[in-house]
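Since the structure comes first, as structure tokens, the remarks are kept for the end.
Number of protein chains: 2
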Amino acid sequence: MILEKKKMFNDFATSKGLRSTRQRDIILDIFLSTHQHVSVEELYLKIKSSNLGIGHATVYRTLKLFTEAGLAREILLHDGQTRYEHVVKGEHHDHLVCTGCNSIIEFEDATIEKLQDEIAARHGFLIKSHKMEIYGLCANCRS
Amino acid sequence: MILEKKKMFNDFATSKGLRSTRQRDIILDIFLSTHQHVSVEELYLKIKSSNLGIGHATVYRTLKLFTEAGLAREILLHDGQTRYEHVVKGEHHDHLVCTGCNSIIEFEDATIEKLQDEIAARHGFLIKSHKMEIYGLCANCRS
DNA sequence: CTGATAACTGAAAATGAATATCAAAAGCAT
DNA sequence: ATGCTTTTGATATTCATTTTCAGTTATCAG
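Keeping their order, the protein sequence lines are chains P and D.
Numbering-wise (my numbering), the first sequence opens with residue 1 and increments by one.
Numbering-wise (my numbering), the second sequence opens with residue 144 and increments by one.
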């Protein structure tokens with residue numbers, strides 16, 4: 001699955017005439033080694049701690065490339081930082097965001113997806129992507 | 144309905160011990176006169192053009208108050224500006240955002256809302272609010 | 001392999017939205 | 001009106017993100 005993603009990015013790079021660089025390889029490796037919802041800063045720090053000198057700007061630029069390549073997705077929560085999550089082919093998950101402890105629970109619901117398709121069809125709309133976030137308190141925080 | 148909202152804000156202000164000021168009245172009037180999804184900047188310019196000297200900071204502060212008071216809701220799209228939409232009591236609408244022309248179509252779907260409640264219940268999660276945005280191309284832009 | 005060329009990088013500067021500061025102005029209770 | 005407190009707004013500040021640009025590096029033709 002990791003190899004699959006690397007291939008996906010390679011294909012994208014080739015098709016766009018992008019070059020293969022040390023920095024992009026490293027950032028991809030580290031991104032793939034993270035779990036959901038990494039902020040750019042988190043990723044940057046992770047890279048920094050590995051003593052590989054990669055600049056802020058490059059991390060930003062590269063994550064945008066990953067998004068274009070279809071293996072990452074930008075998500076905006078309410079903390080002023082853009083986060084990136086992994087895109088898994090057919091799958092799409094949405095989020096329960098706890099405003100108490102900032103934890104994020106993921107879920108997936110095929111019925112909702114289907115309803116979305118219907119709504120889009122009704123408006124002649126062509127879906128590219130979507131996101132849904134439910135805010136509230138998780139089981140721990142509501143007590 | 145406009146009066147209703149003004150009352151809602153007045154009640155909120157009273158309960159919080161906030162003062163009634165010229166600026167807040169004006170901003171509320173202008174906010175209520177707008178349609179969906181005003182950015183702070185748009186609102187600020189609208190006020191400025193009315194030759195009423197109200198500062199940037201006040202507009203930001205006041206919109207946060209409206210949000211607290213329950214008559215506005217923050218929405219984050221992908222243009223880096225926070226926008227505010229009108230909250231209509233029971234109603235909740237979601238958005239089809241066209242990445243071609245930036246137009247926004249609203250929709251509402253009771254079934255989706257119900258599914259959300261079920262999902263939340265399954266995770267012991269207490270819903271405060273939610274948002275859903277579907278990105279893609281509108282009927283005009285896909286041709 | 002080598003040199004030309006165009007893409008890539010990164011440090012630093014720039015941008016832009018949002019927030020904080022703080023003195024002056026204004027609301028509100030007495 | 002008086003005095004106290006909130007509010008305002010110009011300005012400065014913060015913080016994420018983007019741009020700039022000179023130096024570096026990948027790629028490819030020869």
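From the three backbone atoms N, C-alpha and C, an ideal C-beta is built for every residue, glycine too.
Its chain contains His95 and Val97 as the residues whose beta carbon lies nearer than 6 Å to that of Glu133/P, once the 5 sequence neighbours on both sides are disregarded; these appear in chain order.
Partner residues in the beta bridge of Asp237/D, as assigned by DSSP, are Phe250/D. Taking a beta-carbon distance threshold of 9 Å, Lys64/P does not count as an interface residue toward chain D.
Taking 7 Å as the Cβ-Cβ cut-off, the segment 84-112 of chain P approaches chain D at Leu96, Thr99, Ile105, Phe107, Asp109, Thr111 and Ile112, given in chain order. Put simply, the CB of Glu211/D is far from chain P, with every gap to its CB atoms at 9 Å or more. Taking a contact to require three or more Cβ pairs closer than 8 Å, the segment 255-274 of chain D and the segment 126-140 of chain P qualify as touching.
If you ignore the 5 residues before and after Gln179/D, its C-beta comes within less than 6 Å of the C-beta of Glu228, all in its own chain and listed in chain order. Taking a beta-carbon distance threshold of 9 Å, Leu186/D does not count as an interface residue toward chain P. Taking CB atoms only, Gln259/D has a neighbour in chain P less than 9 Å away.
Interface residue (Cβ-Cβ distance to chain P less than 9 Å): Tyr203/D is not classified as such.
Assignment of Ile134/P by DSSP, reduced to helix, strand and coil, places it in the strand class. Here the alpha carbons of Ile173/D and Ile145/D stand approximately 11 Å from one another.
The C-beta separation of Val183/D from Val202/D comes to about 6 Å, placing the pair in contact by the 8 Å criterion. Interface annotation, Leu71/P: not in contact with chain D, CB-CB separation never under 9 Å.
With a 10 Å radius around the Cβ and a threshold of 16 neighbouring Cβ atoms, Ala69/P comes out buried. Secondary-structure assignment with DSSP links Ala215/D through a beta bridge to His229/D. In summary, Ala263/D is buried, with 16 or more beta-carbon neighbours lying within 10 Å of its beta-carbon over all protein chains present. CA-to-CA, the gap between Lys271/D and Gly160/D works out to about 24 Å.
Inclusion of Ile170/D and Ile197/D in the CB contact set at 9 Å is warranted, their separation being smaller than that value.
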